[in-house]
Structure formats: C-alpha cells, structure tokens
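Notes for the one structure printed next.
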C-alpha cells in the first residue's frame with residue numbers, strides 16, 4: 006500500500022519516481038493507470054466469457070484486441086506531446102476529408118453510411134476524430150491565453166461543429182454528440198465562462214423541441230419513447246430494456262454467480278456481450294460487482310484528473326481533461342442506458358464490451374494520457 | 040507542482056485547471072451517484088420484483104399429461120393402447136406473424152380446415168406460453184421437413200405424445216367406443232386443470248363412461264427454457280398418475296365369432312354372463328375403425344360414415360330399439376303362471392287366429408299363412424313357447440291386461456335402460472295405458488294388448504335389454520345390471536343381484552322346459568340349429584315386423600323391399616342346467632328368426648365348446664363373483 010501511495014504521487018514527485026520506477030518512466034508508462042487498466046480488462050474478459058455464452062473463442066479474440074490496444078497505447082505513450090500538438094491540425098484536416106469521403110463513397114447498413122472501404126479494409130473515420138478533436142481544439146487554444154476570449158471560443162465551436170455535422174449527416178447522432186463533447190470538454194477545461202456553459206445549456210433545452218421535430222429520425226424518437234415507457238412495446242423495442250432491467254434487478258446484492266445468470270445465459274438479454282454487458286455483470290456479480298467496476302472506473306477517472314492537474318502544459322491539461330471526461334461519458338451513458346435511465350444509443354461499456362475498434366481508440370487515448378503524464382517538460386530524463 | 044510553466048500567468052492558469060478539474064470530479068461523483076442510486080434501486084429495492092420476473096422468464100410450468108389407462112378383454116387381449124404420435128404445436132408468444140407462419144406451415148405439410156378451426160379455438164383459451172396443437176400424427180417425412188425449416192419458424196415445436204390406438208379396428212368399435220380431440224363444448228365442462236396437456240377425451244362407449252378412471256391425474260414440471268422456448272433442464276417434477284388399466288368382461292374370441300357370424304348383415308349380438316352380469320360380447324354391425332376418430336376424422340370419411348344407409352355409427356346393441364316379437368313369450372308365459380291365469384297344463388283353442396269378444400277382426404297367428412290352420416286344436420304353454428303360438432298369447436294378454444303385463448315384464452328390465460356401463464343406451468318401450476296417455480295422449484285400445492302380447496305394437500327393446508332379460512330368465516328372477524367393466528387395476532368389480540321376480544321353482548321349470556324345446560324338440564321353431572349340438576340351451580325365436588326404423592330413415596328405391604323385410608331375433612341361455620351365458624341376437628331385415636338363431640349358436644358354441652377348456656378358470660372366477 007505504501008508503494009501504491011508513492012506511485013500515485015509520482016508525476017508530481019519526480020525525485021521519488023526516478024528512484025522507484027525509472028523503467029516505467031523511461032517507457033512512458035503511468036504505472037497506476039496501467040495497473041487499473043489491466044485489472045479492468047482482465048475483469049472484462051471474465052465477464053465476457055460468461056456474456057458470450059461461454060465461448061472461449063470470443064475471449065481469445067477480445068484478448069487479441071486488448072493486446073493490440075495495449076500495443077497502440079504503448080506507442081501512443083512514446084510520442085512526444087509536442088508532436089501531437091504539431092500534427093493534430095493535419096490529422097483534423099485528414100479526418101474531415103475522410104468524413105466528406107464517407108458522405109460520397111461511404112458504405113453502411115440500416116440507412117446509415119459510416120464506413121469507408123479502402124482495399125477491403127473497412128473503418129470508421131469518425132473513430133479518428135475521437136482523439137483528433139480534443140487534440141485539435143487544444144492545439145488551437147494552447148497558443149492563446151486561458152480562459153479563451155470570445156472570438157477564439159467561436160473559432161473552437163467552428164472546429165467542433167464541422168466534423169460533428171459531417172458525422173450527424175451519416176447519420177450517427179450518438180457519435181456526433183460524443184465527438185462534439187470531446188471538443189467542448191477542452192473548452193470547458195480551458196475555463197470558458199460559466200455564462201457560456203449555462204447559456205449553451207439553456208440553448209440546448211430550448212432547441213429540444215425543434216430537434217425532436219426536425220432533426221431526430223423516427224428510430225431515434227422511438228428509442229426515447231421506449232425509454233419513457235418500455236412496457237408500450239414489450240416484444241419490440243422495449244424488450245431490450247425490460248430484459249436488461251430484469252437481469253440487473255434479479256442480480257440483487259450478491260448476484261447469481263458467474264456463468265449462472267439466467268437472463269444472459271438463456272438468451273433473454275440481447276446484445277449481452279456488447280452494449281448490454283453491464284447487465285450480465287450486474288446479474289451474475291450483483292451490486293457488489295457493479296460497485297467493484299464503478300470503483301475501478303472511478304479510480305481510472307481520478308487518475309486521469311490527477312494527470313490533468315500535474316500535466317506540464319496547458320495543451321496536455323486540456324487534452325487529458327477531455328479524454329478523461331469523454332471516458333466517463335462512455336461509462337455514464339452505457340450504464341445509464343442499460344439501466345433504463347437514458348435512451349439506447351450504441352455506446353459500449355469501455356474496455357468491457359466486446360469489440361475491437363472502441364478498445365483500440367480508448368487505449369490510444371490512455372496512451373496519450375500516459376504521454377502527458379510522463380511528458381518531457383520538467384521531467385527528469 | 041510543475042517546475043516550468045510556459046504560460047504568461049502560470050499560477051492563474053493552473054488555478055483555472057484545478058478549479059475545472061475539481062468541478063469535473065464533483066460532477067463525476069454526482070453522476071456516478073445517480074447511476075449507483077439507479078442500480079441500487081433495481082438490485083436492492085426492487086430485487087424481489089425482478090427476481091420473480093427473471094424466474095418467470097426462464098421457468099415454465101409444463102403440464103405432464105397422464106398416460107391413459109389401457110383396456111383389456113377378459114383374457115388380457117389389449118383392446119385399446121397408447122402409441123406415440125408426433126404433434127405440431129405453436130407457442131403464440133414466440134411467433135412473430137401467426138398468419139405468415141401458418142401459411143408457411145401449409146406449404147410444408149397438409150393442414151385441414153378442421154385442424155385450423157380447432158387450433159384457433161384452442162388459441163383463445165390457452166395460458167401464456169402454452170403450446171397449442173395444430174397437427175397430429177405427423178409422418179416421418181413431415182417431421183423431417185419441419186426439422187429442416189424449424190430455424191425460420193420460431194415458436195413452432197414438434198412433440199411426441201402418447202395417443203390412443205385401437206389395435207382391432209372395427210371389431211370393438213361399439214363395445215369400447217373411442218376417444219377424440221377435446222372440442223369446445225367438452226373443454227368447458229372438463230376440469231381445466233386435469234386436462235392441461237391432454238388433447239383427447241373419451242367420446243363414446245366405455246372410453247367415455249370410464250373417462251375418470253382411464254384419464255389419470257395430470258402432473259407438472261418446472262422447466263427452464265431459453266428465450267427461444269427450448270427446454271434446457273427440468274427443475275422439479277410432479278409425475279402424473281397414469282389412468283387405471285381396466286379389464287372388460289368382453290371376450291375377444293366371442294366378439295370375433297359374433298362379428299364373423301353376423302357377416303355382412305346389419306344387426307347386433309349381446310352376450311351376458313348371467314352369473315355376474317358381465318357383458319361377454321357386444322357387437323353391432325356394421326362397425327367402423329375407431330382409430331379414424333382419435334385424431335380428427337376427415338370430413339370425407341365422416342360424411343361416408345354418417346350418410347351410409349347402414350348407419351355404422353349407430354350402436355344397434357344399445358341404441359337400436361326393435362319390437363322384441365316372440366322373444367317376449369317366455370316372459371309372458373311366466374307372467375301368466377304368476378298371475379294364475381294359466382297352468383303348464385291349461386290349453387287354449389288354436390284355429391290359427393284370435394278375435395276379441397264382440398269384435399269381428401281376426402288377429403292371425405303367423406302359422407296360418409303357412410299351414411292354413413293353427414299349431415294344434417288345443418295348445419298348451421309348452422307348445423305355445425316351443426312353436427311360438429300367437430293365439431295362446433293373444434288369449435293370455437287379453438286376460439292379463441296391458442297394465443299387469445307391463446308390471447310383470449318390467450321385472451325383466453324391459454322399458455327401462457339396463458344401466459349398462461356405456462353411453463347412449465336407449466330405454467325401449469314397455470307400453471301401458473298410462474304410457475300411452477302420457478306420450479300420445481290417447482286411450483289404450485284392447486287390440487293393442489294382443490299385439491303387445493306377442494311383442495309387437497308399441498313394445499320396443501334393445502338387444503342389450505333382451506340379453507339382460509334372458510339372464511333374468513336364466514337365473515330365475517335374479518337381475519343384474521349388465522357390466523362391461525370386469526376389474527380395475529386387477530380389482531374385480533362386484534355386481535350384486537336383485538331379485539326382481541319371485542316365483543315358485545315349478546313355474547321356472549315349466550318355462551325353461553318350453554324354451555329348451557325351441558331347439559331341442561322336433562317341432563321347435565329353432566330345431567334346425569340343434570343339429571350336432573353338444574349342450575342344451577333354452578331359447579326363443581322372434582320375428583318383428585318392420586314398420587320403418589326411425590334411426591335409418593334413408594330409403595333408396597331399390598332397397599325398399601329389402602329394408603321392409605322382418606327383423607330376425609333370437610334369445611338363448613346355455614348350458615340349460617347351469618347357464619353361463621345368455622345371448623340376444625338381432626338381424627335387421629333378416630326375414631325371420633332363422634337369420635338370428637345360427638348366429639346365437641355360433642356364439643354359444645364359441646363360449647361353451649371351443650373356449651370351455653381355455654376358459655374354465657375364468658368361469659370358475661365368474662362363478663365366485665356370482
């Protein structure tokens with residue numbers, strides 16, 4: 006425990022750190038964050054084994070994704086923060102161009118074009134923006150004073166708006182909102198006035214009606230209506246929510262035991278290994294398991310904020326703040342939607358839900374965090 | 040704190056970030072608190088609700104239908120057993136589009152209108168997630184087709200269930216009856232709980248009469264199913280109690296003999312063991328294959344059976360009401376003796392006809408048109424029975440009067456249902472002045488008494504009633520309700536006798552002796568069947584005039600003549616000294632008793648001669664019962 010406390014302190018206490026963990030520092034690894042992530046991903050694999058219907062193949066594949074993601078994280082952590090700062094506008098431009106490309110050449114399903122297909126390799130350009138967006142806004146603001154002046158705020162909003170609108174056109178409301186949020190979080194961290202925030206909040210409330218009328222698609226409206234009254238469509242859209250609430254509630258405090266969740270093992274729970282995996286966890290491990298997961302997430306988020314506070318540059322602070330907040334948004338939205346608090350949007354439970362893309366993006370983000378935590382400025386070499 | 044801050048107001052900027060970070064932490068904690076509150080609410084406060092819901096999701100209570108009791112003949116020959124049959128059922132809740140699924144299924148296998156109708160009806164009264172049967176008796180090929188297509192038809196299941204089967208087809212159609220699919224009306228009267236999972240119920244005959252015995256008690260099992268309704272494991276199980284196996288008094292050999300003897304003729308044979316009332320044979324021809332009815336008869340098959348002029352669905356043995364004709368004469372003679380109107384020695388003048396005092400109308404004896412004269416100048420009781428003299432009984436009937444005749448003959452069970460343990464029995468008619476006033480609102484005419492005296496006119500009896508009456512004659516006044524049921528699960532069912540006729544032995548001796556002469560005398564009306572006979576029987580022939588059978592009022596032009604011929608009847612018990620079998624035979628439009636008597640002889644031979652060795656044990660048992 007003593008070691009742990011000391012390690013938690015390391016970004017700020019370089020003398021202590023250089024003595025205790027020189028290797029970690031040389032490798033640009035934030036040991037507490039890494040340990041938390043390892044515990045989280047291992048726990049995620051345990052839950053996934055049960056949620057996938059006890060298919061070892063699913064666990065192995067997810068494990069491979071994790072290995073890839075840890076590799077990406079490691080690489081991301083090695084890159085100098087200044088390089089991120091320099092490259093971000095070019096990546097932003099590339100991302101925007103690809104998003105425009107999606108609109109013209111994109112492929113997709115269910116009435117949405119989200120992928121670009123390059124030589125048989127399909128990927129979502131919006132995924133790039135998840136990291137590039139905070140980097141770019143932070144790049145723009147880093148050369149200016151904080152809190153930013155009004156015209157710079159407007160410029161930032163434009164930077165946020167362009168890719169967000171492009172993604173909204175795909176249409177992919179959930180991702181558009183997440184990416185917009187990641188840019189806005191940078192503004193928030195940069196200390197824009199509360200009047201802007203409150204004003205934006207009021208504007209959002211005021212626009213609820215026109216958005217409902219003119220922007221939301223029918224299926225999106227249906228999701229919100231289903232949230233308000235899942236019983237209205239028991240076997241259709243309400244099914245998922247009713248079954249996931251049943252799974253969570255029937256877990257109780259102790260849970261039914263690993264692999265013993267009836268809702269998940271007997272296929273009552275849809276998407277049990279992807280977006281709804283928290284319901285499996287809640288059913289089999291009970292509220293205890295949920296608390297354990299929440300504690301892990303909270304520690305990761307707190308570690309993220311710790312890095313914000315001890316970062317050496319405004320750029321690093323803003324990026325780290327945005328990444329941490331965005332990570333938390335994933336947690337909140339996913340856990341909220343599965344528990345019937347929020348409408349069902351396609352947001353995975355970070356690092357637990359099965360899937361490759363989101364894991365790689367998230368871990369790249371953590372690599373960025375580590376790069377910030379172990380950055381050059383003021384660091385002993 | 041960081042040592043190098045490349046910004047103009049490092050302290051101020053750092054404060055901003057720290058402030059925003061603190062705010063973020065508080066926001067995160069608050070939002071996590073909201074989430075936690077929600078999970079706490081679901082998992083702790085509403086735990087019971089969701090636990091129950093989850094159990095209801097996965098656990099289903101499935102009824103386990105009991106195995107229907109088997110039916111055996113007296114020697115252990117299986118008359119009704121159960122065979123596995125594959126049933127196609129649908130669970131409404133799991134079907135997305137019922138119409139499309141039904142259309143799909145109809146592409147794969149034939150589903151009749153009545154199947155669909157039945158299905159739609161049952162769909163209305165099922166419990167949630169209960170499988171409703173659509174098609175029974177799937178063939179191997181149909182099952183294979185369904186198995187291949189199952190994946191695209193959620194909610195469609197194929198189960199094996201034991202279904203009634205009658206191994207002997209038409210042989211026992213009227214004796215045993217049959218089960219059929221529970222219809223709407225039956226569903227309302229049957230106990231819903233007892234018949235969960237059971238699709239069949241006794242419709243007719245023993246199958247219906249002993250439904251409660253044969254059905255058994257339903258069992259239940261709690262099964263865990265997945266979201267697709269597939270049973271994964273059984274959590275707990277309460278076994279059903281199978282229906283009782285029952286043994287009937289019926290004798291397979293005797294039944295077969297009677298059916299063969301009747302051949303193509305329409306008629307009925309009822310044989311009863313006089314010592315215990317056990318029904319040894321119950322045949323009505325033509326019969327039908329009862330298996331047709333088990334899983335829903337096709338409308339073409341049903342139409343053929345219903346519209347056949349031979350009315351095979353009509354159970355002549357218990358529903359056919361025929362004028363008993365001369366078969367009542369032994370009972371009339373007994374009544375005359377009891378009433379003191381005749382003695383064995385007293386005689387009546389027989390010119391071949393009879394007329395009422397002050398009435399010129401002549402009531403002819405049947406022999407008049409054959410011989411042009413009566414049986415003899417004077418006829419005594421013995422001759423009157425042996426040669427079936429009408430004049431003797433016209434005179435007796437007149438003196439006895441109709442109401443006393445009614446009282447004496449009712450001791451033989453005529454005019455009331457015998458109470459045999461099967462369904463749809465009819466009571467026949469034993470007329471009286473009161474009966475005629477009540478049913479026809481008309482006075483009784485003296486001439487009608489004479490017709491009644493020879494078993495014609497209003498008098499009607501079923502073959503079952505005649506056989507039962509013959510047992511009363513055989514046992515000298517002991518009456519037993521005829522019984523098909525011999526034992527239940529090995530327990531023999533008692534059948535107590537009531538003495539319905541009390542008379543001096545000499546009277547019985549005289550009547551029995553006259554009945555013996557019917558076959559065993561040179562002038563007996565059935566002397567032809569007495570050739571090479573190895574036992575003695577007491578019997579009586581009968582011929583009844585056809586006025587028209589209400590039950591089969593379908594007349595085809597060419598068949599009118601045939602259908603107007605007299606019915607032949609014959610009753611007998613044997614062996615003469617200690618009777619072990621009483622039999623009544625009727626051959627519709629057989630012309631006369633000569634059509635019926637050889638059939639009775641065949642049945643008696645089968646019982647007394649061919650089976651004597653085999654069945655001595657059973658008879659000893661039957662004697663013990665008596």
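Chains as they are written, first to last, in the working numbering: chain A, 6 to 386; chain B, 40 to 665. C-beta: ideal position from N, C-alpha, C; glycine also. Only a predicted model underlies this, so the values are computations on that prediction, with no experimental measurement involved.
About 3 Å separates the Cβ atoms of residue 329(A) and residue 309(A), confirming a contact at the 8 Å cut-off. In this structure, DSSP gives residue 537(B) an extended state, which the three-state scheme calls strand. Residue 241(B) is positioned such that its CB atom lies no closer than 7 Å to that of residue 104(B).
Cα atoms of residue 438(B) and residue 575(B): separation of roughly 33 Å, rounded to the nearest angstrom. Per DSSP, residue 189(A) lies in no beta strand (DSSP E) segment; the continuous alpha helix (DSSP H) that holds it begins and ends at 178 to 194. CA-CA distance, residue 391(B) to residue 550(B), rounds to 22 Å. For residue 250(A), the C-beta contacts it makes with chain B under 8 Å involve 81 and 89, in order along the chain. By the CB criterion at 7 Å, residue 347(A) and residue 334(A) fall outside the cutoff. Our two residues, residue 246(A) and residue 246(B), have alpha carbons roughly 51 Å apart in a direct line.
Taken through DSSP and simplified to helix, strand or coil, residue 170(B) comes out as strand.
When the five nearest sequence neighbours on each side are left out, the beta carbons in the same chain lying within less than 8 Å of the beta carbon of residue 289(A) are those of 52, 55, 256, 260, 261, 262, 263, 264, 265, 266 and 269, in order along the chain.
In the structure shown, residue 128(A) adopts extended strand secondary structure according to DSSP, grouped into three states.
Neighbourhood of residue 337(B) in chain A, by CB distance below 9 Å: empty, with the nearest CB roughly 37 Å away.
In the DSSP assignment, residue 276(A) falls outside any alpha helix (DSSP H) and carries neither an H nor an E.
Classified as buried, residue 369(B) has 16 or more neighbouring CB atoms from the shown chains inside 10 Å of its CB. Each of 52(B), 213(B), 346(B) and 183(B) was checked against the Cα of residue 289(B), and the nearest Cα belongs to 213(B). Between the segment 191 to 210 of chain B and the segment 322 to 334 of chain B there are three or more inter-stretch CB-CB distances shorter than 8 Å, so the stretches are counted as touching.
At least one beta carbon of chain B lies nearer than 7 Å to the beta carbon of residue 337(A). Here residue 161(A) is buried. Its C-beta has 16 or more other C-beta atoms within 10 Å. Of the residues 349(A), 173(A), 374(A) and 352(A), the one whose Cα lies closest to the Cα of residue 315(A) is 374(A).
A straight-line Cα-Cα distance of about 9 Å links residue 102(A) and residue 130(A). Listed along the chain, the chain A residues whose CB falls inside 7 Å of the CB of residue 265(B) are 271 and 272. Under the three-state reduction of DSSP, residue 111(A) is assigned to coil, being neither helix nor strand. Cβ-Cβ distances below 7 Å link residue 490(B) to 496 in the same chain, with the five nearest sequence neighbours on each side left out; the list follows chain order. In the three-state scheme derived from DSSP, where H, G and I count as helix and E and B as strand, residue 261(A) is classed as coil. Using a Cβ-Cβ distance cut-off of 8 Å, the segment 355 to 364 of chain B and the segment 501 to 508 of chain B are in contact, since at least three pairs of beta carbons, one from each stretch, lie closer than that value. Using a 10 angstroms sphere on the CB of residue 239(B), the tally of other CB atoms reaches 16 or more, which defines it as buried. Assignment of beta-bridge partners to residue 54(A) by DSSP yields no partner. Judged by their CB atoms, residue 539(B) and residue 244(B) are not nearer to each other than the 7 Å cut-off.
In terms of beta-carbon proximity, residue 231(A) stays away from the interface with chain B, with every pair separated by 7 Å or more.
Residue 405(B) sits in coil when the DSSP states are folded into three classes, being neither helix nor strand. Taking the C-beta atoms as reference points, residue 627(B) is found nearer than 7 Å to residue 606(B). Residue 93(B) counts as buried, since no fewer than 16 other beta carbons sit within 10 angstroms of its beta carbon.
The Cβ of residue 55(B) sits closer than 7 Å to at least one Cβ of chain A.
Interface annotation for the segment 68 to 80 of chain B against chain A: 68, 70, 71, 73, 74, 75, 77, 78, 79 and 80, criterion Cβ-Cβ distance under 9 Å. For residue 220(B), the pairing in a beta bridge is given by DSSP as 239(B).
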